[in-house]
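Quick notes on the structure that follows.
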Amino acid sequence: AKKLGRNTFQFYQPEMNDEAQERLRIESALRNALERNEFVLHYQPQVDLESGAIVGMEALLRWQHPELGMVPPARFIGLAEETGLIVPIGAWVLRTACLQARALQDAGFSGLRMAVNLSARQFAQPELVSTIAAVLEETGLPPAALELELTESLFMHDVAQGVHLLHELKSLGVALSIDDFGTGYSSLSYLRNFPIDVLKIDRSFVNDIATDADDAAIVVSVIALAHNLGLRVIAEGVESEEQLEFLRRHGCNEIQGYYFSRPVEAGAFQQMLQDGKQL
Ligand code: C2E
Ligand code: CA
Ligand code: CA
Ligand code: CA
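Per full-length UniProt numbering, the sequence shown starts with residue 668, numbered consecutively.
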């Protein structure tokens, strides 16, 4: 047995392969990461296609590990989900993002929306709504300035319960968006019943819009569908001028992607606002 953290013992079995060892290593390190302040949020601007101005940002989690370096979420979110650690981590994300949004307001940048990703585990917590209410109260952020990003997979198990929860969240005054739209299951049937505000078109559809007629057709249809339902549409993963022009031509409301900016640290994000960076 090897002592890894104050309360954590990990047993390495000789037959365990490298991948399993890596998982164990990351899992036990994850347990300590919050206490040790190793998480940071980066912020990626969301830009309005009509005005060209930054209208919001998505908070994206990063783990600054002392030995592993900057660990991207793809390497630990799944494990955090499985172990349930995503619940306290997610609460930290929510609070930190709201504090940052409030700080930007206080610095004179009002009217921005802060988008925060919610995981399935968080969504299944009975105290989710009260946690969010408490964070809004504590930070003094107007609820309308917070947007929660949900994925279709959250509703796989119990659609009725999911809809109920959405209405409760909605009643806090926050905005709700469906992330990775088009990659999940029952994409269309539930849209009527869900009190959502935004569809985020998944990057995989945006990728080839300039060259693939099918992807282009899907994106055009999703924009029309969203608008017919009174929803805003954000396209994510926009990397090129061609993609941008296509989305603009078809009336997409906002874009997010490397074309405008990668996710950046809080300071760099505020600098972008200060500089009045425009599309
Ligand atoms: P997502 O919610 O779909 O976030 C968008 C991802 O696309 C981010 O990756 C972002 O950096 C990346 N991206 C943005 N623009 C472009 C682009 O133009 N091209 C390409 N190739 N990629 C782009 P990131 O930050 O690595 O996050 C990956 C995923 O991890 C997120 O996907 C989300 O599912 C999850 N995640 C990140 N932060 C959190 C969090 O705080 N809580 C939860 N539950 N999940 C999170
Ligand atoms: Ca997201
Ligand atoms: Ca997404
Ligand atoms: Ca995604």
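Even for Gly, the Cβ is constructed at its ideal location relative to N, Cα and C.
Out of the options, which has the shortest C-alpha to C-alpha gap to residue i?
i           : options               : result
residue 771 : 808, 794, 790 and 798 : 808
residue 751 : 946, 789, 863 and 943 : 789
residue 765 : 786, 721, 699 and 841 : 841
residue 746 : 686, 795 and 792      : 686
residue 780 : 755, 756, 811 and 865 : 811
residue 700 : 734, 913, 930 and 864 : 734
residue 867 : 899, 880 and 860      : 899
residue 861 : 843, 848 and 874      : 843
residue 918 : 938, 834 and 888      : 888
residue 691 : 736, 742 and 944      : 742
residue 902 : 845, 940, 744 and 696 : 845
residue 805 : 825, 769 and 835      : 769
residue 940 : 689, 719, 794 and 832 : 719
residue 894 : 871, 865 and 870      : 865
In terms of residue numbering, what span does the alpha helix (DSSP H) encompassing residue i cover?
i           : result
residue 939 : 933-941
residue 882 : 880-895
residue 728 : From DSSP, residue 728 is part of no alpha helix (DSSP H) but of the beta strand (DSSP E) over 721-732.
residue 911 : 908-916
residue 696 : 685-700
residue 829 : 826-838
residue 757 : 753-773
residue 620 : With the chain represented from 668 up to 946, any question about residue 620 goes unanswered, as that position is not in the structure.
residue 795 : 795-806
residue 870 : 870-873
residue 902 : Here residue 902 belongs to no alpha helix (DSSP H); instead the beta strand (DSSP E) covers 899-903.
Count the other CB atoms within 10 Å of the CB of residue i; is the residue buried (16 or more) or exposed (fewer)?
i           : result
residue 816 : buried
residue 712 : buried
residue 925 : exposed
residue 767 : buried
residue 896 : exposed
residue 829 : buried
residue 878 : exposed
residue 669 : Because residue 669 carries a pLDDT of 46, less than 50, the predicted location of this residue cannot be relied on, and the following value inherits that uncertainty. By the neighbour-count rule (16 or more Cβ atoms within 10 Å), residue 669 is not buried but exposed.
residue 827 : exposed
residue 881 : exposed
residue 755 : exposed
residue 935 : exposed
residue 942 : exposed
I'd like the list of long-range same chain contacts for residue i, defined as Cβ closer than 6 Å, with 5 residues on each side in sequence excluded.
i           : result
residue 915 : 716
residue 738 : 730 and 732
residue 753 : 747, 786 and 788
Could you give the first and the last residue of the continuous beta strand (DSSP E) run that contains residue i?
i           : result
residue 709 : 706-715
residue 782 : 780-784
residue 847 : 842-848
residue 923 : 921-923
residue 746 : Element bounds for residue 746: not the beta strand (DSSP E) but the alpha helix (DSSP H), 744-750.
Residue i: beta carbon under 7 Å from a heavy atom of ligand 2?
i           : result
residue 921 : no
residue 725 : yes
residue 864 : no
residue 816 : yes
Considering only residues of the same chain and omitting the five flanking positions on each side of residue i, which have a CB-CB separation below 8 Å?
i           : result
residue 708 : 726, 727, 728, 729, 760, 763, 764, 767 and 933
residue 798 : 758, 761 and 792
residue 905 : 873, 911, 914, 922, 923, 924, 925, 926 and 927
residue 722 : 713, 714, 715, 778, 779, 780 and 921
residue 748 : 786, 787 and 788
residue 684 : none
residue 839 : 796, 799, 800, 803 and 810
residue 834 : 862
Taking only heavy atoms of ligand 1 into account, decide whether any of them is closer than 7 Å to the Cβ of residue i.
i           : result
residue 712 : no
So, for residue i: in the same chain, excluding its five sequence neighbours on each side, which residues have a beta-carbon less than 7 Å away from its beta-carbon?
i           : result
residue 875 : 882
Just to confirm, does residue i get its C-beta within under 7 Å of one of the non-hydrogen atoms of ligand 3?
i           : result
residue 903 : yes
Kindly examine ligand 6 and report whether one of its heavy atoms sits closer than 7 Å to the Cβ of residue i.
i           : result
residue 879 : Absent from the structure shown: ligand 6. Ligands present: ligand 1, ligand 2, ligand 3 and ligand 4.
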